[in-house]
Amino acid sequence: MAEDKLPTRSENFSEWYNQLVLKAELADYAPVRGCMVVRPYGWALWENICSWLDREFKETGHVNAAFPFLIPMSFFEKEKEHVEGFSPELAVVTHGGGEKLEEPLAVRPTSETIIGHMYSKWIKSWRDLPVLIVQWGSVLRWELRTKLFLRTAEFYWHEGHTAHATKEEALEETYRILDIYEKFAIQEGAIPVIKGIKSDTERFAGAQMTTSIEAMMQDKRALQSGTSHYFGTNFAKAFDIQYLDRQNTLQFCETTSWAISSRFIGALIMTHSDDHGLVLPPRLAPTQVVVVPIYKNDAEKAKVMEAADSVFQELKQAGIRLKLDDREEVTPGFKFNDWELRGVPLRIEIGPRDVEKGTVAFARRDVPGKAGKTFVPRAGLAGAVQSMLVEIQAALLAKATAFRDANIHEPRDYEDLKHIVEDGWVFAWWCGSADCEAKVKDDTRATTRNIPLEQPGGAGTCIVCGRPAEKKVYFARGY
RNA sequence: CGGGGCGUGGCUCAGUCCGGUAGAGCGCACGGUUCGGGUCCGUGAGGUCCCGAGUUCAAAUCUCGGCGCCCCGACCA
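Heads up: take any position in the first sequence, counting from 1, add 6, and you land on the working numbering.
Listed below in structure tokens is the structure:
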């Protein structure tokens, strides 16, 4: 039960975030360094995220499977960039059953290697392709600095791993998933994201191309919210994933992998929430509506509870996820604050005056205070609630989009870039060289986020070195 | 691995400088009161003061050693 107030976003964004996660009971610190416990409310949110994605993956031909979370160390040696990228953050099991193991086993930081190994067994013919498998689970990376949801040692995700006959098909898959991620973020999460391609330095270890969706948080830092990789034949060559084509010629597969992690919950929090607590988009909120009855004696209680119960039944039958808060030991005012902290999109208050008038009171979470309160007729309530939830969802997206667009700037020159990334995103021409990228990072701690797929066209000059540039890129400080 | 801070009831912390019967607020339990924006009053339960060694008649407090956590950088979904 939360009693004291959150720090405000403006006084300490980081502390606001930490306390919000704890007080809203999304997660708690685990007694294991860098790990979190996802509490029931946080997990319910994660389940809503997963179930939408799962449905979408299945509709596009993917199937689910499970691979071991322990991976022979030698597997990591097979792809040079992959081992360099992941070795520093592996946790390794050296003993089992009291005996030292002959070969240490890594706790999976990602599963390309073990899945690649299995694919080489399973794929023999062009008839076996494509293979489109998704694994739901958790992985472990020994991060040096952790933060609940955003970067924990163990985190939850799905990882898709696909194998295809041709480069065209693999690229098509990479972008198909990126589109699903974009649709998910915008439509379900109300988070406006930018689709694009990562620079060579920001690319996934072992990939030929990494794409991402990037979101702007309320502190204007960037959060990579989903990622989809094209591997070419890198992993197929490392793990010997070959098939015989129609001409009876041995070919290497083209593979992809992609993921959205529990970090997305961090993105939801930092995009929509306010100084009163969590604000969740209705389409993902575990509880979309809470009904709070108000009365001061038994006679009132009887009437109010009768009305509250009938409202509850009607909305439940309409398929709305809701709760009736009939706790007697706390005051309505306490409940208001409590559910606001938890981010429930719509609160319905029912008091004696409402019962008399045949109304209920709506209080929108996204519009705090009096401005978000309206009185609604009791008749036809389910329809009114449905459309209010749609309105709130749209309002959240509109607000986040306006905020993002207001904080992306095109710099006049390099000095201007340095100034902008202090408190916003830069959108600028870039020659594509790692040197220029590194200079920006050294000078400002900002990195390239991605090269958006949607380009203005034409050409310009690199904001850093002044050489000709064909693409524009986003620079921002990331999470 | 560098730089800062901190380990005292469930939580946040005071007490440490200057050694002398372990405290507060919140939370929790019970009773009453209240209820359209975080009610108020009363009663009560709850502590190896991070660990170890030393100094002392006496250590949460002083000395030495260890462990752990948080924040800021380098690694990252």
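Glycine included, every Cβ here is placed at the ideal spot set by N, Cα and C. The model shown is predicted, which means the values in this text are computed figures rather than measured ones.
In this structure, the beta-carbon distance from residue 352 to residue 327 does not fall below 8 Å. DSSP places residue 218 in the uninterrupted beta strand (DSSP E) bounded by 215–222. In the structure shown, the three-state DSSP call for residue 379 is strand. Scanning its chain for C-beta atoms nearer than 7 Å, with the 5 sequence neighbours on each side dropped, one finds no residue around residue 340.
Partner residues in the beta bridge of residue 330, as assigned by DSSP, are 297. The beta-bridge partner set that DSSP reports for residue 70 consists of 140. Cα atoms of residue 83 and residue 128: separation of roughly 22 Å, rounded to the nearest angstrom. If one requires a minimum length of 4 residues, the alpha helix (DSSP H) runs lying completely within the segment 391–429 are 420–426, in chain order. Residue 469 holds the alpha-carbon nearest to the alpha-carbon of residue 441 among 431, 425, 469. The C-beta of residue 344 has 16 or more other C-beta atoms within 10 Å across all chains shown, which makes the residue buried. Residue state for residue 485 is assigned as coil, using DSSP reduced to three classes. Under the three-state reduction of DSSP output, residue 65 falls in the helix class. Per DSSP, the beta-bridge partners of residue 230 are 220.
In the DSSP annotation of this structure, residue 148 is not part of any alpha helix (DSSP H), being labelled neither H nor E. Taken atom to atom, the span from the alpha-carbon of residue 17 to that of residue 161 is near 29 Å. In the assembly as shown, residue 39 is an exposed residue. Its beta-carbon has fewer than 16 other beta-carbons within 10 Å. Rounded to whole angstroms, the gap between the alpha carbons of residue 479 and residue 79 is 37 Å. Between the alpha carbons of residue 474 and residue 211 lies a gap of roughly 28 Å.
DSSP places residue 257 within a strand segment (E or B) once states are collapsed to three. The beta carbon of residue 156 sits closer than 7 Å to the beta carbons of 269, 272, 485 from its chain, once the five residues preceding and following it are set aside; these are given in chain order. Straight across, the Cα-Cα distance linking residue 126 with residue 214 is about 20 Å. Residue 480 is bridged by DSSP to 433.
The criterion of a C-beta distance shorter than 8 Å is not satisfied by residue 154 and residue 276. Cβ neighbours of residue 407 within its own chain (closer than 8 Å, five residues either side excluded): 198. Residue 154 sits in coil when the DSSP states are folded into three classes, being neither helix nor strand. Closest in C-alpha terms to residue 451, from the list 143, 290, 49, 425, comes 425. Taking a contact as a CB-CB distance under 8 Å, the pair residue 118 and residue 164 does not count as one, their CB atoms being some 14 Å apart. With a cutoff of 8 Å on beta-carbon distance, residue 48 and residue 32 are scored as near each other. Look at residue 458 here: in three-state DSSP terms it is strand. Ranked by how close their Cα comes to the Cα of residue 287, the residues 195, 348, 220, 51 have 195 in first place. Beyond the five residues adjoining it in sequence on each side, residue 365 comes within less than 7 Å, by CB distance, of 381, 382, 383, 384 in the same chain, given in chain order. Contact between the segment 104–122 and the segment 175–182 is not established, with fewer than three Cβ pairs separated by less than 8 Å. With fewer than 16 other beta carbons inside 10 angstroms of its own, residue 323 counts as exposed. Going by beta carbons, residue 30 and residue 284 fall inside the 8 Å limit. If you look at residue 122, you'll find it in the alpha helix (DSSP H) that goes 118–128. Counting other Cβ atoms within 10 Å of its Cβ, residue 136 reaches 16 or more and is therefore classed as buried.
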